[in-house]
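Down below is the structure, laid out as structure tokens.
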Amino acid sequence: GAGVSQSPRYKVAKRGQDVALRCDPISGHVSLFWYQQALGQGPEFLTYFQNEAQLDKSGLPSDRFFAERPEGSVSTLKIQRTQQEDSAVYLCASSSGGVTGELFFGEGSRLTVL
Amino acid sequence: GENVEQHPSTLSVQEGDSAVIKCTYSDSASNYFPWYKQELGKGPQLIIDIRSNVGEKKDQRIAVTLNKTAKHFSLHITETQPEDSAVYFCAASKNNDMRFGAGTRLTVKP
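Chains as they are written, first to last, in my numbering: chain A, 1 to 114; chain B, 1001 to 1110.
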């Protein structure tokens, strides 16, 4: 596709449920980032992949959060046993190399945990 | 780690006036400073960026200045138009660690 695609756009989960959010980066982009954006705040870094390697996961808030990119293209962010504080927009971004080049963001997946 | 402060949080200007948004950062090793525009329901979109070896960069109505000594950088939008209304985020980055400010909601009144 022409841009970064994320699905689902909206997800409502009951507390305790597991969710999976998908990101299709721009074809050929080696770098992929996940950010969490709370209402009225800036994006907060979660994790970074270069191809299939997860080089930085220091931003993941707890061991309930897990991300993978097994073939170096599509990535999935999984949240286990969701809590209300997990409610946010989850943004995926890709770039052709590192973070000192332009990041192309998807439109985000809005997660609401009831 | 890096801490980015952005102000003001909201800014309202009359169409045709200029708008200035300011950011400070804490990590002197940061070397890349992008600005993003985010419209409602969409992801952030890069509008301009500057690297640490440059003090100023301009692209039509948008300019960014960087003062490395003071660790601050600013976004300047001239001749504002209603379509400039959005939330603007600054960011500071080193290696693969990009940190964002909390955002400025700009409203341009026709």
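For glycine and all other residues, C-beta sits at the position ideal for the given N, C-alpha and C.
The ligand ZN heavy atom lying under 8 Å from the CB of residue i
{"i": "C23 (chain A)", "result": "No copy of the ligand ZN occurs in the structure displayed, which carries no ligand at all."}
Closest Cα partner of residue i within the set the options
{"i": "K1068 (chain B)", "options": "B:N1096, B:E1056, B:K1042", "result": "B:E1056"}
{"i": "R69 (chain A)", "options": "A:L32, A:F104, A:T100", "result": "A:L32"}
{"i": "E85 (chain A)", "options": "A:A13, A:G3, A:T47", "result": "A:A13"}
{"i": "W1035 (chain B)", "options": "A:F65, A:K78, A:T100", "result": "A:T100"}
{"i": "S27 (chain A)", "options": "A:G3, A:G106, A:L60", "result": "A:G3"}
{"i": "I1062 (chain B)", "options": "B:D1017, B:Y1025, B:A1029", "result": "B:D1017"}
{"i": "G1001 (chain B)", "options": "B:T1010, B:D1027, B:H1072, B:V1020", "result": "B:D1027"}
{"i": "K1071 (chain B)", "options": "B:E1015, B:Y1032, B:A1019", "result": "B:Y1032"}
{"i": "S87 (chain A)", "options": "A:Q36, A:K78, A:L60, A:Y48", "result": "A:Q36"}
9 Å Cβ cutoff, residue i in contact with chain A
{"i": "N1096 (chain B)", "result": "yes"}
{"i": "T1063 (chain B)", "result": "The question names Thr, but residue 1063 (chain B) in the sequence shown is Ala. Chain A contact via Cβ: absent."}
{"i": "A1091 (chain B)", "result": "yes"}
{"i": "N1003 (chain B)", "result": "no"}
{"i": "N1031 (chain B)", "result": "yes"}
Whether residue i touches residue j by CB criterion (9 Å)
{"i": "Q1038 (chain B)", "j": "A1086 (chain B)", "result": "yes"}
{"i": "T129 (chain A)", "j": "L111 (chain A)", "result": "Any property of residue 129 (chain A) remains undetermined from this structure, which presents chain A solely from 1 to 114."}
{"i": "G1043 (chain B)", "j": "A93 (chain A)", "result": "yes"}
{"i": "D1049 (chain B)", "j": "E102 (chain A)", "result": "yes"}
{"i": "D1084 (chain B)", "j": "F45 (chain A)", "result": "no"}
{"i": "L1106 (chain B)", "j": "V1004 (chain B)", "result": "no"}
{"i": "S1075 (chain B)", "j": "V1064 (chain B)", "result": "According to the sequence displayed, residue 1075 (chain B) carries Leu and not Ser. Yes, the pair counts as a contact, with Cβ atoms nearer than the cut-off."}
9 Å Cβ cutoff, residue i in contact with chain B
{"i": "L103 (chain A)", "result": "yes"}
{"i": "G108 (chain A)", "result": "yes"}
Chain B contact residues for residue i, given Cβ-Cβ distances below 7 Å
{"i": "Y48 (chain A)", "result": "N1096"}
8 Å Cβ cut-off: residues of chain B touching residue i
{"i": "D56 (chain A)", "result": "N1096, D1097"}
*Compile a chain-ordered list of the residues in the segment 1038–1063 of chain B whose CB is closer than 9 Å to at least one CB of chain A.*
Q1038, G1041, K1042, G1043, P1044, Q1045, L1046, D1049, R1051
*Residues in the segment 33–44 of chain A with C-beta within 7 Å of chain B's C-beta atoms, listed in sequence order?*
Q41, G42, P43
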